[in-house]
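Below is one structure; the comments refer to it alone.
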Amino acid sequence: MTDQEILTGLGFITYGLYIVTSSYEGKDNGMIVNTVFQVTAQPPKVAISVNKESLSHELISKSRVFAAMPLSQTADLPFIGRFGFRTGRTFDKFAGLNIERGKLGCPIVKENTLSFLEVEVEQTLDVGTHTLFVGQVKDAQCCHDPHAAPMTYEYYHTVIKGKAPKGATHS
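Taking our numbering, the leading residue of the sequence shown gets 179, the next gets one more, and so forth.
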């Protein structure tokens, strides 16, 4: 088996695209991730995988909270790029957007998203270049038409023609 065969096999695992946000001591950030998944139903827990080099990783590590919002297929490349192609260290990703604050203080983006889950981190797992954050859902709400289609990673690549930025999770 070659590295290419492994990458090809991993390419068949399905993903969605999500905005993940966090806030710590007045600093907000958000990023696009493709790894958000339900861990348990009772109590409701989810996990996310975040690159250790990102500002969002730093904010989630310090605040121990995050919000995850599945993107709608209505999101266009400039909107996705706002959260996926620029760093929050030098660019305010929320400038010009109408955001709300969740109960845990996370910025909630309702434009081009279907819902939000606000999560309190309970556990972390170091997985090399990324950290897996696992937490209990403390608040959730639908933001959009509940019948709208979520954006998948495949839709992003084949319809929107987006590319994965440097540092993104490719598996």
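C-beta: ideal position from N, C-alpha, C; glycine also.
Nothing here was measured: the structure is a model prediction, and the numbers come from that model.
- Annotated three-state conformation of Ser234 is helix, per DSSP.
- For Glu289, the three-state secondary structure derived from DSSP is coil.
- Here Arg260 has Lys271 as same chain residues with Cβ atoms under 7 Å from its own Cβ, once five neighbours each way along the sequence are excluded.
- Gln220 and Met247 have their alpha carbons spaced roughly 20 Å apart.
- With a 10 Å radius around the Cβ and a threshold of 16 neighbouring Cβ atoms, Phe294 comes out buried.
- One alpha carbon belongs to Ala327, the other to Tyr193, and they sit about 13 Å apart.
- Here DSSP, grouped into helix, strand and coil, assigns Glu183 to helix.
- Taking the C-beta atoms as reference points, Ala318 is found no nearer than 8 Å to Ile286.
- The three-state reading of DSSP puts Lys271 in coil, since its state is none of H, G, I, E or B.
- In the three-state reduction of the DSSP assignment, Gly313 falls in the strand class.
- Looking at Arg279, Leu233, Asp254, Glu296, the one whose alpha-carbon comes closest to that of Phe269 is Leu233.
- Nearest Cα to Val224 within the set Tyr196, Glu231, Gly208, Asp206: Tyr196.
- Residues Arg242, Phe311, Gly313 of the same chain have their beta carbon placed closer than 6 Å to that of Val299, with the five preceding and five following residues left out of the count.
- For Val217 and Val315, the gap between their C-alpha atoms comes out near 11 Å.
- Boundaries of the beta strand (DSSP E) around Glu278: 277 to 279.
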